[in-house]
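Encoded as structure tokens, the structure appears first; notes follow it.
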Amino acid sequence: MTNEKVPAPSSERCKWQTRTSGWIKKYFVDKKLNKNCFLLFARELTIDWGDNSEYWIWTYDKDASGEDIEVAELLKVCWLKITGMIWTVNLSPGTLYEIIFVVKVKEGGNVSNFSLNLSIIPHHLERIIRHHSLEEDALGNWIEIQVGEFKMSPEMVGNMIFHLEEATPEWKHGLLVKCAIIRPKN
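In terms of this note's numbering, the sequence shown opens at residue 13 and continues consecutively.
Spelled out as structure tokens, the structure:
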């Protein structure tokens, strides 16, 4: 899927946004479902080696509203790990949510033949695990990779951690990371 699914800021739907040297997260309400959503830009994610310019660089891309946002570009790593965290008390109760990463594989990038390990670690509950192969995804386009789904319930209240990992000993390069989105499915 393309970046058109990444919500644009709007005075009608955007409740708060945090900005340091660029947007790092946005909160908005899905008007159709009347449910809370969160968007964590790449700077709000923990990217292993993300602050080392030998392995990652920070560039800019446009979001759906045309605003420049910072994206992380993978130069080379063997161990790929990206982690996000959300405080679930802000999510809508009784709602089925999904967490996705929005990424792009550059043409010539060496990540498309790897299988990504994706996981959600709910507060005090069992880990939810998925795998995703980038082989069939279009190169050069922003795509959504689902990490997993969960239903917001009292048991889920707390810090929820989610990961995208690939740990084979081969060098990887050419992956761009835009954001993670936590959004309702119903």
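By construction, the Cβ of each residue, glycine as well, lies at the ideal position given by its N, Cα and C atoms. Bear in mind the structure is a predicted one, so any value in this text is a computation, not a measurement.
| Item | Value |
| --- | --- |
| Nearest-angstrom Cα separation, counted from residue 140 out to residue 96 | 14 Å |
| Residues that DSSP places opposite residue 191 in a beta bridge | 53, 114 |
| Proximity to residue 45 [Cα-Cα], best of 164, 104, 99, 84 | 104 |
| Interface flag, residue 179 vs chain D, CB-CB below 9 Å | Looking for chain D here will not work: only one protein chain is present. |
| Buried or exposed (CB count within 10 angstroms, at least 16 for buried), residue 154 | buried |
| Reduced DSSP secondary structure (H/G/I, E/B, other) of residue 138 | coil |
| Residue range of the unbroken beta strand (DSSP E) whose run includes residue 168 | Neither: residue 168 is in no beta strand (DSSP E) and is coded neither H nor E. |
| Residue burial classification, residue 192 (beta-carbon count within 10 angstroms, cutoff 16) | buried |
| Inter-residue spacing [alpha-carbon to alpha-carbon] between residue 76 and residue 190 | 12 Å |
| Under 9 Å between C-beta atoms of residue 184 and residue 49 | no |
| Spatial neighbours of residue 203 in its chain, beta-carbon cut-off 8 Å, leaving aside the 5 residues before and after | This structure does not reach residue 203, given that the chain is present from 13 up to 198, and the question cannot be answered. |
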